[in-house]
Structures are given as C-alpha cells and as structure tokens.
Amino acid sequence: MSTINSWKAFIKAQEIFVNQYSEPFAIEFKKTDKTGLAHFTIEQRNPLSSIIHSLEKSFPGILQNDINIKDGYLLYNSSRSPQHTDELKEVADANYFEFDYKPCFSGHVSLKENPYKWLADINEQQPNKEGQIVATLSDIKRIDDKIQSLNGFTRSAVIGGIFKIQPSKYYIQKQYEIASSYLIQTLGIQSVSCHGHFANLIIQDIFLREPALNFIKENTAYHKSHHRLIFTIKEDLFQNFLDTRKSKKIFFSSEDKKNDKMGVILPTPINNEFHLTFESDITLSDFRFEIFHYKKVFERYFGPDSFTIKHQHIFQIDRSLFLEHFQNSVQDERFNISVEKETVSFDFTNEDELTSGIEYLSALQIADIDNKGAEHGFKIKLQYASPLLEIQEELQQIPAIKTKLSNNGLKLSFFCFFDNHDLLQLLVAKIKDSIDPLLNDNMQYVFEELQEGKLKYFLNFKQEEFEAEINSKFNYIRGEEISLWDDKKPVPFGNIIKISYPNIVIEMESMRDTICVPDTLTKVCCTLKGERDKIKRLSNTIDIIFSITKQKILNESLRDILVDSSKARSFPGDILRTAEYEKTINEIDASLLSKNINDRQKESIAKCLLANDFFLIQGPPGTGKSTAIAELIWQHIRSNISVKKEPYRILVTSETNLAVDNALDKLRAQTHLLIKPIRFGSDDKLDKEGRRFSLESLKQWVLFGNKELTEDKSATNILQDWITLIGNRARRKQTTFNSDLSEKWITYLTKANEQLRSLFFNNYIQNANVIGATCSSIGKENSEQKFTRFFSDYCNVLHTKEYDAFRHSINKNTIAALKKRNIEFDLVVQDEASKASPPELALPCLYGKKAVVIGDHRQLPPMVDTAEFIDNLKMMSKKTKDEKNRREISDLISYIKKNKEEFSVSHFEKLFVGIDKNLKSSFNVQYRMHPAINETIKQFYIADGGLECGIPDEIANSEDMSHPLNRYHGVTANKQTHVIWLDVVSPEIKSGTSRVNYGEVQAIDWLLSYFKKSPGYKNFVDYWPSGDIEQKQIGIITFYGAQAGLLNKLKDKYPEVPLRISPVDRFQGMERNIVVVSLVRSNSIAEFPNQAPNMEAYPENGYPSQESLGFAEFPNRLNVALSRAKRLLIIVGNSQHFRKHAIYNRVYETIQQHPNGAVKSFDAKSLKQ
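Using UniProt numbering, read the sequence shown as starting at 1 and increasing by one per residue.
What follows is the structure, encoded as structure tokens:
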C-alpha cells in the first residue's frame, strides 16, 4: 500500500500547486474595446490584511493607524512589550514582510536639490524608480552630451526599443487564402468575401457545420466568429417608422442604456438595417428559431414583404494566435514578444543595431512593426552615483543599523535598533560621527521624533518580491479559460487574452450582461482544465498499474515492471557473451544511421534490441543521447521490416517539446526514407525542427505548397525531403537513353502540384512509423470525456477511415467507432525520465508492447523530498484562503515527512538499480565539456563506473576553434584554465521561501566587469557569427529564483556581455561555452542586505551560523549546473561550507589539483582576488 500511496502523493503535490493558481480573485469591468474584448482590473489586495491578525497577537491592542507600511515601521505603546510568536515570523515570511521585535529609532539623509533637474531642458520626463526615461534618438544624443559635463551620471549603453505590432498584410492574406480556398474549392461555397484591413472572412447565407468550422480553426488564425442577421427595411417604410415610433413607445437599445424605457425596445438600426449578432456556437435549430422570431417582430412593425433578410457568418483573425505564431517564428534571442501588450522589444547600443533588428523582424513578413522613426521613444536608463552611497557604507558598519536607499538615490533612510534606552545617546552619537564628515552643502539629515508614549518597530513590506509573485501567478493563467466562481461548479464565460497585473483582457463567450457591469466586483477563477486533465490521466495511470480498474494494457508484464523492475524478464548469464548479442552487434555495424555512434552506445542498442519488455538507459550530460535515440529507433524499425506487414510503430516522447523535436530531427536520413516520423501537437508550440514533421504543417503544405510565412528556405518539411531524395536518385540514374524522361520527371517533382503533394502525403501517413509527442499530451479522453488532441491526431494517421467519418458527422455511431480504437505502439521510447514522477514515467509505457526509458538519475529528480519543498508547502498553507486546501497541504507534508525513504531517489533510479544488468546500460563518454570540466563532473558518476571525455586534449586545447570539438576560450589570464572555484564567504539571506547571497552577486559583478575589459573575451565573442547568440552568451546558473532575480539586474550594467540567467531547473538540457554557477548557501545567515558583522555576538563569522546546503543537499542539482559548461566553468560559493559534503570536497580538490583548474578567493570589500 505504501507504494501506491507514494505515487498518489506525487499527484497530490501537482494538484495542490494547480489549486494555488486556480484560487478565486475579483475583477472589475472597465470597458469593451472596438474588437469586442472586455477590459477589467484585478482587485489588488491590501498586503497588511494578510498579517494584521498575527500582528495583533504579537502587539496586543495595536491600532491600525499606527502601522505605517509606506515608511516601514509601526508604533506601539512604550509601556508594553510585544509577545514573541513563531506564527508572526512564518506569516510575515509568507507575505513578504520583514520585522524586528527590538524597538528602533529612525532618520534619513536626503539631497536638498533634485540632481536630475537638468533633464527638464532636454526631456520633460523625470526618471522612474529604476532610473528609466523614454527619449527619442536625438534626445539621447543630447543627454549623452550633457552627462559628459556632469559628475556622478552615466547612461547604460543599452537602449530599449519597444514597438507595437499587428498582423502584416502578407500574414492576413495567407490566412484568408487558406480558409477561402478550402471553402470555395473543397466545399464549393462561392459566397465568400473579405472585409476590412484585417480581412474578416464573410460567408453569405451558409450555416457551416462542425467539420468545416474545425478545419478553419485548426488550419488558420480565424478562431473567432459570430453570426449576423441583417434585416434591410424598404426605405420609405423605414422613414415613416422613424417619424412615428416614439409616439408608439418604440425605442432603440442605444436609447435605453439605463434600462428605464417603458415600451418596445428594438436593436439600434444602421441606416435602414437592423443588425443582430449571435454567438458562433449557436445550433442550427436555435438559429432558425431566432430568424423566425425576428421575422415576426419586423412583420408586426413594417408588414410582410417589407424587408429582406441576409445571414453572414463572420470570421475574425484571433490576434492572440497571430502573436503566438510571431513569437514562435522569431528564433533570434535578441527579441522579446509580449502577447499581453502586443509588442516586440529588443535592446541595441547604436543605430546600426536598431536598423538590423527592424530589418530582421520585417523580413519575417508576419507582423507590421510600428516604428515612428525620428519621433519614436526608446527606453534608456540613467545611473546616478548618489553621494549618499558613501554615507550608507559608513552607517552599515554599525551592527544595530538597517539602511534603505531610495531607487532614485535621493533619500537614505536608516533604522537603529536598541535593547535598552541607556544606549540611545551612544547610538545617536555613532550615527552622527558616521554622517557628519561626509555631508556637503546639498545634503541634510534628521532624526525622526517618536510620539510620546510610543516606541517604533521596524516593519518593511518587500514590494518587489510581492509583485514578482503576483505577476508569476497571473502570467501562469494567461490564455486559460476563465469562469464565474462557484464553489461547486464554476461557470466558464471566456478566455484570458492578456494579463499585465492588475489589468486583464478577456474574450467574452457568454454572460457579458452579467459580468461587464461597471463599479461591480465579480469573483472569478481559472479552473486550469488542461492541468487537471493531466492530473486525471496520471490518476488513471495509477488505477491501471495497480489493477484498480482491471483495464487491460498491451503488455501485461509492464504492470509489474513499472513498480518493481526486478520482475522484468531477462537472459541467463551475461548477455554480452551470447551469440545473439554478437550477431546483433554485427547487424548494427552494417546498418548504422549515424557514423557518430560509439562502442558503449552500440552495446546499449544491441542489448535493447534483444530485450523483450523493458530496457533502461542512463544518459549523462553530453553523451549524445539524441543521436543514440535516433539510432535505437532506426535499428528497431530495420530489424522488424520483414517481420511485420504493418509498419513497426514507435512513440517517441518526453516532458519537453525540445527533446522530442531533437530526437525526430536526428532521424532525417540522406539516402532513404524508411523512417517516417510524424509530430503531434500544435504548430505554435513547436520549434522549426518539430514543425518539419508536424501533421498540421504537412496538411497545409498539401493544400498550398511552398507558400511559407517565413523566408527561411532551410525549413523544408519531411515530404519535401522525400521528393528531393527521389529527384536525386533520378539524377544519379540518368543515362543518354532516358535523359529527357528523367528531366521531365525531376521537373514534375520539383513543381509538385496539389495532386502529387496529396499522393506523397497519403502514402507517407499510411506508412508513418514514428510518432513524436510530449508525455503530458498522451491519452484518449479528457476530463469532459471528449477525445484529446493526441487521440484525434492518432486516429487521423492510423484509423483514417473512422476518423474521416467522425469529422464529417459527429454522432453516436462515429463516436462509438473511434471509442473502440485504442492507442497502441510496438515500442515506446521515453527521454528525460529521471525528472518524471512515478505516474509520469509510467503513463506513456502503458501504450507500448515494449518500453525503453532513458534518463540520468544523477541529474534532477522530481525533488519532492527537500526541506525547501516542504517549506514551500507551508508557505502555501499560510497564504491559501481555502480550508480544504490547507488540510490537504498539511496531510501531504505529514506523509512526506513520515515516508522520506519513498522520496529520497527518483523513480528512474529505483528502476535502474533494481533491474537486471542485461536490461540496462550507461553511456560513459561525453563530448560536451572540456576534459578538465569532465574531471570535475566525473565525481558525480563514480558509482556508475565514471564518465570519460571523448574529446582528445590536442583538439580541446588548440587555439584553432574551427573544429566542432574544440574547447579553447582564451578569456582568462591563464588561457589554459577551464575550471575555477571563486571562494566567497558572505552570508546568505532568506527571501520568502527562497535564498539570496549578495556577496556572490558582487563577485559575479566583478567577473562580468573583468570579461567586459578582457581582449581575450572580445576575441572569443567576435569569433562567432552575429546571430549565434547561444555561443556568445555566458550562462549564469543558481539554485534559487530570488538570486536569479538579483543577478538579472546585471544585464543592464553589462549590455556588451550577452547573458543567460536562470535557476538550475530551467537550464537542464541547455549548454553554454562559459558558465558561472552561484551556490548561494553559506555557513552563516544575515537578516538583511549589507548587515554589518557582529563579531562580539558571533565570533566565528560575525553572523548566526547555519548548516544546511538546501537544494544542494542532493548533488544532482549541482551536477546539472556544472555540466552545462563546454569551455569554462566558474563556481562561485563558500567552499568551507560545501566541502562538508564528501562529493563537493572531491569536486573542490579536483579543481585545486588539476593543471587546468584554479581556486581563487574573492574579497567583496576590496573587489580583488
């Protein structure tokens, strides 16, 4: 029972996080725009309301008027002492407050005059709190000229360009061509026209049925539509009606906005026409009733035969789909597309870069870029070295002080804490001694007086962190269906198109009159149906695996194997010594798809081919997994060609689109097309490698040929590859005798018409043998008992006849025919499985006769066993307003604590350790990292037999960087150094559920300044083509989101240094030439930034000690972080703290002793090594 409960615990954890994002919130209607979208604002909660109850417990009798969040303090009766409670600390942390139980006095130092006043002569704006203003290019030049004569001012070299975008004429025309061609040529509908700048598609007097609507939705951006009835009244009758209507108490709807007219209310006419609008999902019978009803209405007022009736079905381009398509088409990392604001933005440092960026975007032909030329405003950031910084540094030497400098550098506030009143005068004197020598004529300072009988206590609301969490939550639900809140069954009414907190834009599908009411708060929520569908599929997986539903699966043996891999059928003895293995290896050698397969990979593939039910492969970083997966797939197809009349079908799956797309792309062969992959899923979510095989893209190619939306001529699809392959064969077989015939054949292929394209497509689909899809999409039905997108695509390819019947007419018979079909594959290949929870790993395997699971248990597992995870759950429990959620969180925490052994390793590792050696293999040669970096990473794989570097030293270290395996960089003083531990001993600081380390941020700041000035780094960056941003970028990885937030601020400071900054979880699967890793955790902990050490209280480090390594308690995370680097790895962290763990001590000693390694110390005060 413990195993099934543990599997369920993983699902419960996912459900809890989904519940967090689906909690209700209130919105207030503001307006409806000209496109019909409804604009609302989200009710902003008062941060104080979250902790007021706990404050009242700790400060009994406190008055709300005495709590001043804006200025960062509260006042309390001096005759009373606060009651220390753990609850206040926990609730404050959960809601981004910091406070201190010690009383304090405060004051501030400020500048008398605004140092930015000179800006008024150039630009009327004053900088915002980040120092940003918007200025034209000519204003920027004037600002640059001015600051050269000023002290303390600089401008960040980066200029931010933000441009509004809208669908281009080419994009709009393309959508119209696809839809109109289908309607006219396929359905024979002639009454099709286009109207307006955005090419609204109008079908006259035709009511489209569901299959036609589905085609238009699936193949174009025309996702929004409605029906319009137009009653055109004879002009003389209409004029007479206008003259007499009011006397008959007949009003138009525009005259009845207050709903106070007594009489008949008719729609407001346009000239002599009445326009009536109906939702797109109205049924034909209901629509006929509406026509009948309004016909009777108008006959009553105008008489029979006095009007004509026209029906229009109007389709509009969905701008959110256009924006998503544009977002996926822009492959260059310079650009950021905001779907919410409908903008594209990019940074540049000069006009040539600006011109280059606009030209790139325009060449895509998807969007029109709103560039206002000389009048266009650009974001620049002014930096002011405030003289108050020097005073702040002096004050921070006093242990009892906290300081806060305003973002604009004009005001420095300080709070000084004391234990007894006898120290007050001494502390005041210390503060004066620190400030007075540094004052100038433009400065003033005051000590703020206390109210009589009151003491002041520090209370600071961390606004930035709060806003980051709020934005994270609301960004998560962008694009989701939104519902009217109901605790039993929420009622959907639209979809979220844009969110920029606190503003939200909704496409209303119903209940407009109920919800779009000004000055009224409406409680809403997002049910997150897609996430809940996934949870349902995972729950069903548990039911199937543990035989709760008695549902049969293709390979009944997998039911037991997926729980306990030792039950898998194996071979007696050592398979490597058998004749079958020898024969299989020889066959593989004779038929390799890739020449880059090494001996261990061949061994793994041979063992896998001989396995009956289940096989596991450990693939450490850089070991060529994608290439090996492609070879494994090819060898299975090759070895089964003569065995099966039907194609041997393989499902390739992973949790990420990227891994699936990479595996499929490696399957492209130059000389044959025996492997025929198809990619399931929406084109909008696929990279170009995936779109090459996309079912959706291939269908469009059949209809419209090579009319691509981009200029990328390399983006051929797999059918075009096939045609090219046949053409090349024809060229090679040309003779004098058949030359003319061959040329005609080649020309016919090159200019393939729709008939030929359709022939290739149908043949390809009938013989498709590899399907690619993400794990979470796999399943037959969703929570509404409707077919999933995956199952629809599956039937479209494998059961075309039944699916075509279903598409043509959805009824009981066609639905029943599809329901009889099951998802079945001969082989399931699942990548990146080590990060999957048990039910996530098991789900795809249920659909195969055999399963191959690939992962690396030395990298990121699901990680539900960490103290941080439990802390996150506790924080969520404090924040949630739902008592049921709170109980579920408490139960989950209790279960994890009692059953830690169940969560200590990933399910992949349990399977890998438990299975027979003949049914598993480990890749042991990597080609990503320099040999010195490999020696560092090797420490994590000692138990698995080690990890070797496949790059010869002479190639790795050569200054000739043209070889693909070269790992030279030349950016450090010693050009042969490839691994550095930069030792930083600064304290960590708790930030909500996260951690930060300001000393490590300073160290990385120093590193970037070094790179900026380094000629070697400039040469390295200049070596790579301008568009190859990934080769140029320095990857900065950390274990904590809050630290990543601090590090991201360095991007503005070093625009010349391309950076990719992410928590480690988001870096798995990526690589960069230069990687810096910030470890964050330390052996001491401070309460706030720049806190002065108190050596009297804490003689060892000056701060309270702490022992936890946090996320790094599990070496897998550090392994992922370190193994991203190809040429240079720099670890920034407290070595004394981390060396307590044996594996990190080995990492440190390896770096220290290796000829290509170095250990350096960083002094944050002197900024010297």
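By construction, the Cβ of each residue, glycine as well, lies at the ideal position given by its N, Cα and C atoms. What you are looking at is a predicted structure, and each value in this text was computed from that prediction instead of being measured.
Could you give the distance in angstroms between the alpha-carbon of residue i and the alpha-carbon of residue j?
i, j, result
"Lys248", "Asp286", "30 Å"
"Gln766", "Leu695", "13 Å"
"residue 1194", "Lys975", "Here the chain covers residues 1 to 1169 and nothing more, so residue 1194 does not appear."
"Glu375", "Thr343", "17 Å"
"Asp305", "Asn214", "37 Å"
"Lys404", "Asp422", "26 Å"
"Asp865", "Ala773", "No answer about Asp865 holds up, because its pLDDT of 46 lies below 50 and its placement is not dependable."
"Leu759", "Ser682", "24 Å"
"Arg1127", "Lys1013", "19 Å"
"Pro620", "Ser906", "15 Å"
"residue 1215", "Ile1029", "Nothing about residue 1215 can be read from this structure; the chain reaches only from 1 to 1169."
"Ile520", "Thr514", "It is worth fixing the name first, because residue 520 is Thr in this sequence and not Ile. Cα-Cα distance, rounded: 10 Å."
"Ile597", "Leu919", "20 Å"
"Leu438", "Ile955", "57 Å"
"Lys1132", "Trp981", "Residue identity differs from the one stated: residue 1132 is Val in this sequence, not Lys. Roughly 6 Å between the two C-alpha positions."
"Glu840", "Ser877", "25 Å"
"Phe903", "Met929", "31 Å"
"Lys1168", "Val1159", "Residue confidence for Lys1168 is low, a pLDDT of 43 falling below 50, so the modelled location carries little weight and cannot support an answer."
Look at the Cβ atom of residue i, then the Cβ atom of residue j, and state whether they are nearer than 8 Å.
i, j, result
"Thr85", "Ser49", "no"
"His325", "Ile366", "yes"
"Arg995", "Gly1110", "yes"
"Ile605", "Glu631", "yes"
"Asp93", "Gly1041", "no"
"Pro844", "Val828", "yes"
"Val1064", "Ile1004", "no"
"Ile358", "Ala135", "no"
"Thr41", "Ile27", "yes"
Along the chain, where does the beta strand (DSSP E) that runs through residue i open and close?
i, result
"Gly494", "Val491 to Ser500"
"His311", "Phe307 to Gln316"
"Phe903", "That residue, Phe903, is in no beta strand (DSSP E); its alpha helix (DSSP H) goes Lys900 to Phe903."
"Pro1063", "Leu1059 to Pro1063"
"Tyr991", "Looking at the sequence shown, residue 991 is not Tyr but Ser. Element bounds for Ser991: Glu988 to Ser991."
"Thr343", "Thr343 to Phe348"
Could you spell out where the alpha helix (DSSP H) holding residue i opens and where it closes?
i, result
"Lys996", "For clarity, residue 996 is Val in the given sequence; the question names Lys instead. No alpha helix (DSSP H) contains Val996, which is instead part of the beta strand (DSSP E) from Ser994 to Val996."
"Leu843", "Pro838 to Cys845"
"Gly107", "Premise fails: Gly107 lies in the beta strand (DSSP E), Phe97 to Leu111, not in any alpha helix (DSSP H)."
"Thr35", "Neither: Thr35 is in no alpha helix (DSSP H) and is coded neither H nor E."
"Pro1015", "Pro1015 to Tyr1023"
"Trp745", "Ser739 to Thr750"
"Gly1027", "Here Gly1027 belongs to no alpha helix (DSSP H), and DSSP marks it neither H nor E."
"Thr244", "Glu235 to Thr244"
"Thr322", "In the sequence as displayed, the identity of residue 322 is Phe instead of Thr. Residues Arg319 to Ser329."
"Phe908", "His907 to Gly914"
"Lys89", "Asp86 to Ala94"
"Glu580", "Ala579 to Ala590"
What residues are listed by DSSP as bridge partners for residue i?
i, result
"Tyr384", "Phe153"
"Cys526", "Answer by DSSP bridge pairing: none, since Cys526 is not bridged."
"Met443", "Leu111"
"Arg228", "Thr277 and Gln312"
"Phe198", "Beta-bridge pairing links Phe198 to no other residue."
"Gln132", "Lys381"
"Cys949", "Gln926"
"His39", "Lys31 and Val505"
Run through the segment 620-684 for me and flag every whole beta strand (DSSP E) of 3 or more residues, listed as ranges in chain order. 650-654 and 677-679
Quick one: which unbroken alpha helix (DSSP H) runs of 4-plus residues sit fully inside the segment 405-436? Chain order, please. 424-435
Runs of beta strand (DSSP E) lying entirely within the segment 257-289, each at least 3 residues, in chain order: 264-266 and 273-279
Taking the runs of the beta strand (DSSP E) that are 3 residues or longer, which of them lie wholly in the segment 352-404? 367-369 and 378-384
Please give the ranges of any beta strand (DSSP E) in the segment 1099-1168, keeping only runs that are unbroken, at least 3 residues long and fully inside the region. 1125-1133 and 1157-1161
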